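Accompanying notes for the structure given below.
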Amino acid sequence: MAQSIATVRTVKDLRSQVAHWRQAGDTIALVPTMGALHAGHLSLIAIAKEYAKRVVASIFVNPTQFGPKEDFKRYPRDEASDLGKFAQAGVDLVFIPATEEMYPLGFATRVSVPSLTEDLCGAARPNHFEGVATIVTKLLLQCAPDVAVFGEKDYQQLLVIKQLVRDLNIPVEIVAGPIVRELDGLALSSRNDYLSTAERNTAPILHQVLSEAAEALASGEGCDAASSAARFKLEGKGLRVDYVAIRDPETLAPLSGPIRGPARVMGAVHLGSTRLIDNVPTALKNR
Ligand code: AMP
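Sequential numbering from 27 applies to the sequence shown in the working numbering.
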């Protein structure tokens with residue numbers, strides 16, 4: 027029999043359950059998602075459980091972070107299956123607000139972090155990060171967790187969230203979860219479902235090429251050479267490259283020449299009509 031799980035659909039009910047737990051002295055972790063759950067999401071739940079007694083997960087396909095030509099309408103939605111997965115993973119409460127609950131008539135505020143969102147995914151997806159920053163700020167204020175967990179899969183997003191939490195003095199610890207991958211290296215993503223069989227067979231090349239660039243950087247190759255080689259390899263496989271970038275892992279500042287400390291190799295490509303992103307860490311080898 028399917029496990030049952032508590033759900034709330036309004037901010038009022040969310041707050042009342044959280045207040046109840048607070049009264050009992052429980053700590054709370056929040057894991058925001060857009061549903062269409064896979065093992066990457068569930069790994070964040072496992073991390074959340076290490077940090078807090080109670081885990082709240084949210085499911086909200088946030089319209090403001092999709093561009094007008096993006097996949098908001100066709101984004102996969104399967105609430106019943108998601109609830110089963112969250113129950114299995116040990117989530118205590120799922121918050122599933124309707125769009126009008128999050129954006130009632132007259133909603134007018136936007137949260138933006140321009141310095142971190144002008145390039146990389148921000149360049150290709152104008153307003154995307156403003157949508158993300160606004161909804162995450164709302165979720166953090168609505169739930170008021172001790173900890174919130176986000177995946178490194180969306181590395182730029184993770185830094186945007188850390189920055190807005192610092193800047194707005196939101197009293198929450200942001201915890202990063204490592205990227206969960208398929209055996210062939212492809213980062214799990216709800217959007218992988220869009221790939222045709224042929225595209226799915228090609229997709230692991232993104233992780234492979236970023237990893238090769240990370241290895242070359244670790245061995246002393248310059249950033250420009252490593253990113254050009256990566257771009258060339260991806261284009262050679264028929265992928266349309268949005269960016270390959272080698273960045274400071276804390277500030278996302280572009281790096282040049284051989285790396286002197288930790289760096290992040292980040293990439294975004296189009297495979298048919300699907301946009302895939304990935305990133306890998308690298309650091310100079312001790313020689
Ligand atoms: P989404 O449902 O795509 O908005 O993602 C919800 C959360 O899951 C975000 O913090 C993502 O970074 C994280 N996430 C998505 N895919 C993965 C993955 N493959 N490994 C780890 N975390 C992930």
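Ideal Cβ positions, reconstructed from N, Cα and C, are used throughout, including at glycine.
Since the structure is predicted, the reported quantities are computational estimates derived from the model, not experimental observations.
Query, Result
"One or two residues paired with Ile54 in a DSSP bridge", "Arg80"
"beta-carbon Lys188 near the ligand AMP non-hydrogen atom, thresh 8 Å", "no"
"C-beta atoms of Asp172 and Tyr77 nearer than 9 Å", "yes"
"Buried versus exposed call for Phe176 [16 or more other C-beta atoms within 10 Å across all chains shown]", "buried"
"Ile205 Cβ short of 8 Å to the ligand AMP heavy atom set", "yes"
"Leu209 beta carbon near the ligand AMP (any heavy atom closer than 8 Å)", "no"
"Proximity to Leu260 [Cα-Cα], best of Ala294, Arg41, Pro130, Leu278", "Ala294"
"Limits of the beta strand (DSSP E) - the one that Glu199 falls within", "199-203"
"Reference Ala170; option with closest CA among Val37, Ala113, Asn312, Arg286", "Val37"
"Cα-Cα separation, Glu199 to Gln49", "20 Å"
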